[in-house]
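These notes concern the structure reproduced below.
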Amino acid sequence: MQSEQFAAAAGISAELASRWLEPVTEAMERFSIIHPMDQAMFIAQTAHESEGFTTLTESFDYTPQALEQLFPAYFTPQQATALGRTAEQPAQQPQIAERLYGQRLGNLSPMEGWIYRGRGLIQVTGRDNYCRCASGIDLPLLSHPDLLASDTPAALSAAWYFASQGCLACSGDLEKVTEIINGGSNGLADRAVRLQTALTALQQV
144 MQSEQFAAAA
154 GISAELASRW
164 LEPVTEAMER
174 FSIIHPMDQA
184 MFIAQTAHES
194 EGFTTLTESF
204 DYTPQALEQL
214 FPAYFTPQQA
224 TALGRTAEQP
234 AQQPQIAERL
244 YGQRLGNLSP
254 MEGWIYRGRG
264 LIQVTGRDNY
274 CRCASGIDLP
284 LLSHPDLLAS
294 DTPAALSAAW
304 YFASQGCLAC
314 SGDLEKVTEI
324 INGGSNGLAD
334 RAVRLQTALT
344 ALQQV
């Protein structure tokens with residue numbers, strides 16, 4: 144795959160394509176994402192999850208209103224007001240992450256919800272997932288979680304997750320792959336457009 148083809152497949156600029164071509168193609172090769180449909184699906188899903196290959200770390204920059212609307216089980220109105228972004232204060236992102244992920248996903252010690260927040264092209268989240276990913280890509284992620292916010296590990300972690308969680312077994316099934324990656328159908332319409340864009344680009348000779 145050439146840089147121009149990857150840029151078209153991912154719907155990104157030439158500059159971003161030049162940056163990401165090698166990490167993504169090497170990650171796909173390492174985890175046997177080799178058929179055009181699977182490569183198109185991988186590129187589409189990672190492009191959606193990373194906002195077009197621009198975001199590698201989960202943000203918790205929420206307003207109080209967003210916290211209440213998105214996470215009503217985790218924030219009372221008082222907590223949302225105390226932690227959310229307002230004109231008077233920035234969002235208290237470590238505290239927000241801890242409320243969302245603390246004592247879940249293998250996070251047990253204080254602030255592990257923040258330490259093991261989502262990172263990578265398909266955001267790995269939680270101590271348990273960092274541990275599994277560390278074994279899958281052979282990097283010390285538990286002690287150095289920020290590695291997943293750099294390009295090559297970010298791509299490797301996404302390809303590892305894509306392959307190890309069964310996405311290759313449901314090749315072409317957008318809804319099923321999205322459910323595996325996202326846990327539901329969030330952003331399905333955008334993923335569908337991105338998949339068709341990627342397929343069209345990869346089928347070009």
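Read left to right, the sequence shown gives residues 144 to 348 (this note's numbering).
Backbone N, C-alpha and C define an ideal beta-carbon position, used for all residues, glycine too.
Note that the structure is predicted; figures quoted are calculated from it, not measured.
| Item | Value |
| --- | --- |
| Rounded Cβ spacing between residue 195 and residue 154 (contact assumed at less than 8 Å) | 7 Å |
| Residue 321 vs residue 331 beta-carbon contact at 7 Å | yes |
| Exposure label - residue 306; buried when at least 16 CB within 10 Å | buried |
| Alpha-carbon spacing of residue 282 relative to residue 224, whole angstroms | 38 Å |
| Residue 164 beta carbon less than 7 Å from that of residue 149 | yes |
| C-alpha distance - residue 342 paired with residue 199, whole-angstrom precision | 24 Å |
| Rounded C-alpha distance that separates residue 325 from residue 230 | 32 Å |
| Between the CA atoms of residue 181 and residue 312 - distance to the nearest angstrom | 10 Å |
| Beta-carbon gap between residue 234 and residue 271 smaller than 7 Å | no |
| Runs of alpha helix (DSSP H) lying entirely within the segment 154 to 219, each at least 4 residues, in chain order | 157 to 173, 179 to 192, 207 to 213 |
| Residue closest to residue 219, alpha-carbon to alpha-carbon, out of 243, 202, 197, 232 | 243 |
| Residue 257 versus 247, 237, 300, residue with shortest Cα-Cα distance | 237 |
| C-beta contact flag for residue 152 and residue 344 at 7 Å | yes |
| Nearest candidate by alpha-carbon position, reference residue 298, set 172, 285, 232 | 172 |
| Neighbourhood of residue 228 by C-beta distance below 7 Å, restricted to the same chain and skipping five residues each side | 204, 205, 206, 234 |
| Completely contained alpha helix (DSSP H) runs for the segment 208 to 294, where each covers 4 or more residues | 220 to 226, 236 to 244, 255 to 258, 270 to 280 |
| Contact under 7 Å by Cβ, residue 288 with residue 259 | yes |
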